[in-house]
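For our numbering, add 1072 to where a residue sits in the sequence shown, where the first one is 1.
Idealized CB from N, CA, C, for every residue including glycine.
Predicted model only: the values in this text are computed from it and were never measured.
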Amino acid sequence: MASSKIKKGDMVRVIAGTSKNSEGKVIAVDNKNHKVTVEGVHMIKKHVKPSMANQAGGIVEQEGPIDISNVMLLEDGKTTRVGFKMDGDKKVRYSKKTGNVIK
């Protein structure tokens, strides 16, 4: 399976949809369904039954998944495309705008 260009912990900007232009840190990546969950972006309301962990239950607000094609990686506050190249014998991600290797 190919490596994902967006990883958990990356800072991204939403480039399409209702949350356009909002920024946040990637919480989770679902490579199988091509979705990412971004902190504080695309908030949805979920109805939760009472449980031992949450005695009251009720309506909980949480982040919803966004299609991975609708986010772009941020580098120094600017969006950039991501590419892959070989650094010695290691495959690394790099910024196509600046050419810098991404952590």
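Can the beta-carbon of residue i be found closer than 8 Å to that of residue j?
i, j, result
"K1175", "R1153", "no"
"S1076", "V1101", "yes"
"S1094", "V1113", "yes"
"V1110", "I1138", "yes"
"G1136", "V1120", "no"
"K1092", "V1086", "yes"
"D1161", "V1173", "no"
Taking the alpha-carbon of residue i as reference, which of the options has the nearest alpha-carbon?
i, options, result
"M1083", "G1155, L1146, G1171, G1160", "L1146"
"A1088", "K1080, I1131, M1144", "M1144"
"K1117", "Q1134, N1126, D1148, H1106", "Q1134"
"S1167", "S1123, V1086, F1156", "F1156"
At what residues does the beta strand (DSSP E) containing residue i begin and finish?
i, result
"V1099", "With the sequence shown as reference, residue 1099 is identified as Ile, and Val is not the correct amino acid for it. Run containing I1099: 1095-1102, per the beta strand (DSSP E) assignment."
"V1086", "1083-1086"
"T1109", "1107-1110"
Handout entry: Completely contained beta strand (DSSP E) runs for the stretch 1116-1163, where each covers 3 or more residues
Key = 1130-1135, 1137-1139, 1143-1147, 1150-1152, 1154-1159
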